[in-house]
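Student:
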Amino acid sequence: MHEFNIGLLVVAASALFLGLLSTPLKRIGLPDSVTLLLVGVVLGPTGFGFLDPAQWGNEMAILEQVARLAIAIGLMGIALRLPKSYIFNHWRPLCVLLLVGMPFMWLCSSALTGWALGLPIGAALLIGAAITPTDPVVASTLVTGPVAKENLPAYLRHIISSESGANDGLAFIFVMIAVFWLTLPAEQSMTMPMLGVIFGDILGALVLGAVIGYSVGFAMRKAEEKKTIDQPSMLMITTALALTTLAAVKLIGSDGILAVFVAGLTFDQQVNASERQEEERVVEGVDRFFTSPIFILLGLMIPWHEWVSLGWPVLALVIGVLFLRRLPLFLLLGGRLSDLPSKLDGSFSGWFGPIGVAALYYAALAHHKTDVAALWPVVSLIVVSSIVVHGLTAMPLSHLYRRLKDARASS
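Heads up: the sequence shown runs through residues 1 to 411, numbered per the UniProt record's numbering.
#1: Determine the direct distance from the alpha carbon of Thr113 to that of Ala124, and round the result to whole angstroms.
#2: Leaving out five residues before and five after Met105 in sequence, what residues of the same chain have Cβ atoms less than 7 Å from its Cβ?
#3: Let's test the definition: count the other Cβ atoms within 10 Å of the Cβ of Phe267 and tell me whether it reaches 16, buried, or not, exposed.
#4: Within 10 angstroms of the Cβ of Cys95, are there 16 or more other Cβ atoms? Answer buried if so, exposed if not.
#5: If I follow the unbroken alpha helix (DSSP H) through Val388, where does it start and stop?
#6: Could you compute how far the alpha carbon of His399 sits from the alpha carbon of Leu30?
#7: Assuming Val216 is part of the alpha helix (DSSP H), what are its boundary residues?
#8: So, is Ala130 buried or exposed, given that buried needs 16 or more other C-beta atoms within 10 angstroms?
#9: Please work out which residues of its chain come closer than 7 Å, Cβ to Cβ, to Trp304, disregarding the five sequence neighbours upstream and downstream, and give them in chain order.
#10: Using the C-alpha atoms, what's the distance from Pro136 back to His90?
#11: Using the three-state DSSP reduction, which class does Leu337 fall into: helix, strand or coil?
#12: Just confirm the distance between the C-beta atoms of Ser161 and Ile78, as a whole number of angstroms; I'd bet it's less than 8 Å.
#13: Give the secondary structure of Glu187 by DSSP, where H, G and I count as helix, E and B as strand, and everything else as coil.
#14: Apart from the five residues just before and just after Cys108, which ones in its own chain have a Cβ nearer than 7 Å to its Cβ?
#15: Is it right to say Gly264 is buried, meaning 16 or more other beta carbons lie within 10 angstroms of its own, or is it exposed?
#16: By Cβ distance, which residues of its chain are closer than 8 Å to Val66, with the 5 residues on each side in sequence left out?
#17: Grab the span of the alpha helix (DSSP H) containing Pro103 for me, first residue to last.
#18: Drop a sphere of 10 angstroms on the beta-carbon of Ser338, count the other beta-carbons inside from all chains shown, and report buried for 16 or more, exposed for fewer.
#19: Please work out which residues of its chain come closer than 7 Å, Cβ to Cβ, to Val41, disregarding the five sequence neighbours upstream and downstream, and give them in chain order.
#20: Quick check on His368: buried or exposed, where buried means 16 or more other Cβ atoms within 10 Å of its Cβ?
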């Protein structure tokens, strides 16, 4: 109970600090994720030792659930921030980024992992799958706030947000391919298990999320027409929708993460403009509070000794993943997609594909299903590196993007 109260104090005090200083922190380019990560390191076993997740029980089980909750709230926030019907109007470029970009990021990350660390192909595929999705929680800190809105055009912020929202749930396919590779007997085909994943987890989540989101949105609109709902109740509905969808869809065996994003999109179709603006403001505040614990927990759980034991090759892996996992493909797509109309847009969105909470979730999920010893040390190192590097480069590169854009427009 003593550690619980300390943890509660840390999360609440961090939320107060970040809330009171949100504007200056964003203007100096210090994202919440970096600040909270440092809080976890300072208070964890390698710092002052006030908090130690090893004493709380199964660390990976705790990480999985905290990450799952953070992703759900983050995805609901993205669904409400996107323009109404955005996904339906921009499905072509989004499909290219998902159907081409995700396999590229998975195979590239897996190849780099196998090359740098000499891991077997199954282990490399699993680590590559975990770091494939771009993270909606970290991405939101890069494309929201005054700096992003002043320097980045809306179309660029929207495509980064929508891609990070959609690919989180779809990464489950790649994770399960790697899990089946590692766990199924050699003589057993993975065709039937993968069909179960695609039709049960993915398509099932799409359908169930759409039904839940549309139903809640329709019910809220009717309740407002009949005046059976007051304003405070309306403002809590989206958070309740995210958590309800996450739990309900998971209980029946489908992918709750993907379902939450779809539920948010279909709910949004039923909400009028004034309600939508109010809901968006509330979800953004709730989003920041609910996602705070995952970064603090990551700081507490950093496996420093395992990082050191990986040796120098892991540095080559981190650099390779940050620069090659995504950037080359988006440079190629820049100027060829309507939502990436120039090489400058392609290079910016190619660089800002952060690896974060989604990777932590899939690493914890796969940890229960496989025995790949390098999984957590490698994924955690790449996530921490991405949070720090992408977080600290967001502001200067956003300003640079604006200057280059203005220079091209005036020439």
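Even for Gly, the Cβ is constructed at its ideal location relative to N, Cα and C.
Given the structure is predicted, the values throughout are model-derived calculations rather than measurements.
Tutor: Judging by the given coordinates:
#1: On the sequence shown, position 124 is the one that residue 124 refers to. On the sequence shown, position 113 is the one that residue 113 refers to. Near 6 Å, if we compare the C-alpha coordinates of Thr113 and Ala124.
#2: Residue 105 sits at position 105 when you count from the first residue of the sequence shown. If we look at Met105 and ignore the five residues flanking it on each side, its Cβ neighbours are Thr132, Arg325 and Arg326.
#3: One-based indexing of the sequence shown puts residue 267 at position 267. Buried, because 16 or more other Cβ atoms sit within 10 Å of the Cβ of Phe267.
#4: Counting from 1 along the sequence shown, the entry for residue 95 is found at position 95. The residue is exposed, with fewer than 16 neighbouring Cβ atoms inside 10 Å.
#5: Numbered from 1 along the sequence shown, position 388 holds the residue referred to as residue 388. Segment Leu375 to Ser410, the alpha helix (DSSP H) holding Val388.
#6: On the sequence shown, residue 399 is found 399 positions in, with the first residue counted as 1. On the sequence shown, residue 30 is found 30 positions in, with the first residue counted as 1. His399 and Leu30: Cα-Cα distance of roughly 15 Å.
#7: Taking the sequence shown and counting its residues from 1, one reaches residue 216 at position 216. Boundaries of the alpha helix (DSSP H) harbouring Val216: Leu203 to Glu225, taken from the DSSP string.
#8: Numbered from 1 along the sequence shown, position 130 holds the residue referred to as residue 130. Buried.
#9: Mapped onto the sequence shown, residue 304 falls at position 304. Same-chain partners within the cutoff: Thr46.
#10: What you label residue 90 is simply residue 90 of the sequence shown in a count that begins at 1. What you label residue 136 is simply residue 136 of the sequence shown in a count that begins at 1. A straight-line Cα-Cα distance of about 18 Å links His90 and Pro136.
#11: Taking the sequence shown and counting its residues from 1, one reaches residue 337 at position 337. Note: Leu337 maps to strand in three-state DSSP.
#12: Here residue 161 refers to the residue found at position 161 when the sequence shown is read from its first residue. Here residue 78 refers to the residue found at position 78 when the sequence shown is read from its first residue. Taking 8 Å as the upper bound for CB-CB distance, Ser161 and Ile78 are in contact here, some 5 Å apart.
#13: What you label residue 187 is simply residue 187 of the sequence shown in a count that begins at 1. Glu187: coil per DSSP, three-state reduction.
#14: Taking the first residue of the sequence shown as position 1, residue 108 is located at position 108. Excluding residues up to 5 positions away in sequence, Leu324 and Arg325 lie with their Cβ nearer than 7 Å to the Cβ of Cys108 in the same chain.
#15: As a working note, residue 264 is residue 264 in the sequence shown. Answer is buried; the Cβ neighbour count reaches 16.
#16: Looking up residue 66 in the sequence shown gives position 66. Correct list, in chain order: Pro293, Ile294 and Leu297.
#17: Mapped onto the sequence shown, residue 103 falls at position 103. That run of the alpha helix (DSSP H) goes Met102 to Leu117.
#18: Start at 1 with the first residue of the sequence shown, and residue 338 comes out as number 338. So Ser338 ends up on the exposed side.
#19: On the sequence shown, residue 41 is found 41 positions in, with the first residue counted as 1. Excluding sequence neighbours, Val41 sits near Gly47, Gly299 and Ile302.
#20: Here the question's residue 368 lines up with position 368 in the sequence shown. Exposed, since its Cβ has fewer than 16 Cβ neighbours within 10 Å.
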